[in-house]
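**Q** Using the numbering used here, read the sequence shown as starting at -17 and increasing by one per residue.
Note that CB positions come from ideal geometry on N, CA and C, so glycine has one too.
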Amino acid sequence: MISLNKVALKNLRIWNGVDDSIDSGVDAVMFENGDLTFVGSSEDLSRESVSVVRDMEGLTMIPGLIDAHVHLCLDPHVKNPLDQDKLSEEEQFKAMVSRAGAMLAAGITSARDLGGGRWLELIIRDRIASGELAGPRLLCAGQPITSPRGHCHFWGGEAADGTDVIKVLTRQIEHGVDLIKVMATGGNITPGSKPVDAQFDQEILSLIVDTAHKHGLSVAAHCHGTAGIRNAAAAGITTIEHCSWVGREGWAKGFDPEVLALITRQGIWVSPTINSGWKRFMGNSDYVDLLGGNYARMREAGVKLIASTDAGIPNVLHHDLPTALPVFANIAGLRAVEALRSATSDCAEAIGLGGISGQIREGYSADFILFDGDPTLNLDVLAAPVQVYKQGEPVLAA
Ligand SMILES: [Zn+2]
């Protein structure tokens, strides 16, 4: 029986999210009830029963992009984090809804929200899932666990010891989070907290990981300084956020091959949070040399990098990812297709959406973007999508 919502698109160039290049034999997809039910040649498509077939005239299709690190609640135009929650919940919610819409329109069909203070992003997550609001599929961490007066303490997740840690963690689970976030080091935006300093020892981080795992949740750890990276890696967290290798001598100067070996051994993903504003480092050769050297060593060791922007921090817009990817590729020494994998199939796998999104593949959600140009050859193309689809629904007018 033909279902009215069996839609097929043909005459496409399709990058499936995994391969090194586009397979010219695959030029058609079909989707039904939000999922891809056919990916193959137009010839094979003609044997399927389809209700609507659209000729896409040679557009290039890639999976929808995934940002592994955003903060929907943060206003990128506000410099002081303590000013962020001055808005009423209602005003803040409204702003967050509009950010989610802008992300989706830019081609970001999934994202991981790594923290806020009011759990508003969880309400948005659920309303997006029910189709009430437009936005990316969201995974949310709620309040990050941090030390007293530590990084982002103003979000309410302060914990002085193991008992406190369990309390904060349990509160997040009660609010229905998808993962746990912990601040393993200090951070830039919090006065009095130092990026180089570890905020928790390995024992506390292991307690967090074990408790989260018991509830089926992964753990993302904010890590700037090398000591904190070591503690988090030893505890077996799932993703290292930032991984800035801050040492006593400064940013990127604390690289430690033993810590790198630990990250690799534990199979931990690294989410470097490179936004489009990092273009400014591309003209600053010393820092770029340091950064590039660290990325080269990580990649040689087999660390898998995933795309992330930390959207919401000052000057980083929530829909930054498409313009951040060319900068990320440049600084981390990635080929275009590697950068794209880091924002599609690899990112999905790292954050727990493998098997759901991040690939153009039968059984996966019909989340994809169409372009005039070919992003596998030129990442700058990402800034101008012709059309975005999420779960088989077009986001922009054709
Ligand atoms: Zn962040």
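Can you pull every residue whose C-beta falls closer than 6 Å to some heavy atom of ligand 1, listed in chain order?
**A** Going by the Cβ distance cut-off, the answer is 51, 53, 96 and 292.
**Q** Quick one: what's got a C-beta closer than 7 Å to residue 368's C-beta in the same chain, skipping five residues either side?
**A** Result list for residue 368: 41, 352, 353 and 354, in chain order.
**Q** Could you check where the beta strand (DSSP E) with residue 36 kicks off and where it finishes?
**A** Residues 34 to 37.
**Q** Do you know whose CA, among 358, 33, 270 and 9, lies nearest residue 26's CA?
**A** Considering only alpha carbons, the answer is 9.
**Q** Leaving out five residues on either side along the sequence, give the residues of the same chain with a beta carbon under 7 Å from the beta carbon of residue 272.
**A** Excluding sequence neighbours, residue 272 sits near 234 and 235.
**Q** For residue -4, write down the residues that DSSP places opposite it in a beta bridge.
**A** 43, per the DSSP bridge assignment.
**Q** Can you give, in chain order, each stretch of the beta strand (DSSP E) that sits fully within the region 146 to 234 and has at least 3 residues?
**A** The region 146 to 234 contains these whole beta strand (DSSP E) runs: 161 to 165, 200 to 207 and 221 to 228.
**Q** Report yes or no: do the region 69 to 76 and the region 280 to 295 share at least 3 C-beta pairs separated by less than 8 Å?
**A** The region 69 to 76, when compared against the region 280 to 295, does not touch it at the 8 Å Cβ threshold.
**Q** Determine, using beta carbons only, whether residue 83 and residue 117 come nearer to each other than 7 Å.
**A** In this structure, residue 117 lies closer than 7 Å to residue 83 by Cβ.
**Q** According to DSSP, residue 128 sits in a beta bridge with which residue or residues?
**A** DSSP lists 140 as partners of residue 128.
**Q** Do three or more CB pairs link the region 180 to 197 to the region 221 to 235 at distances below 8 Å?
**A** No, the region 180 to 197 does not touch the region 221 to 235.
**Q** Which residue comes first and which comes last in the alpha helix (DSSP H) that contains residue 318?
**A** Here the alpha helix (DSSP H) through residue 318 covers 318 to 324.
**Q** Report the rounded CA-to-CA distance for residue 128 versus residue -6, giving the unit in angstroms.
**A** Spanning the two alpha carbons is a distance of roughly 48 Å.
**Q** So, are the CB atoms of residue 302 and residue 311 less than 7 Å apart?
**A** Result no, Cβ atoms of residue 302 and residue 311 do not sit closer than 7 Å.
**Q** Considering residue 372, what are the terminal residues of the beta strand (DSSP E) in which it resides?
**A** Here the beta strand (DSSP E) through residue 372 covers 369 to 372.
**Q** According to the Cβ coordinates, are residue 321 and residue 307 closer than 7 Å?
**A** Yes; because the gap between Cβ atoms is below 7 Å, this pair is in contact.
**Q** Could you have a look at residue 381 and say whether DSSP puts it in helix, strand or coil?
**A** Residue 381 is absent from the model: the chain starts at -17 and stops at 380.
**Q** State whether the region 319 to 334 contacts the region 17 to 33, with contact taken as three or more CB pairs (one from each stretch) at a distance under 8 Å.
**A** Output reads no: the region 17 to 33 does not touch the region 319 to 334.
**Q** Hey, residue 341 and residue 113: beta-carbon distance below 7 Å or not?
**A** Cβ distance not < 7 Å, so residue 341 and residue 113 don't count as in contact.
**Q** At what residues does the beta strand (DSSP E) containing residue 274 begin and finish?
**A** First-last for residue 274: 267 to 282, but that is the alpha helix (DSSP H), not the beta strand (DSSP E).
**Q** Nearest to residue 216 by alpha carbon, out of 103, 249, 304 and 318?
**A** When each option's Cα is compared against that of residue 216, the closest is 249.
**Q** Hey, residue 169 and residue 133 are a contact pair by Cβ (cut 8 Å); roughly how many whole angstroms apart?
**A** Right, their Cβ atoms sit about 4 Å apart.
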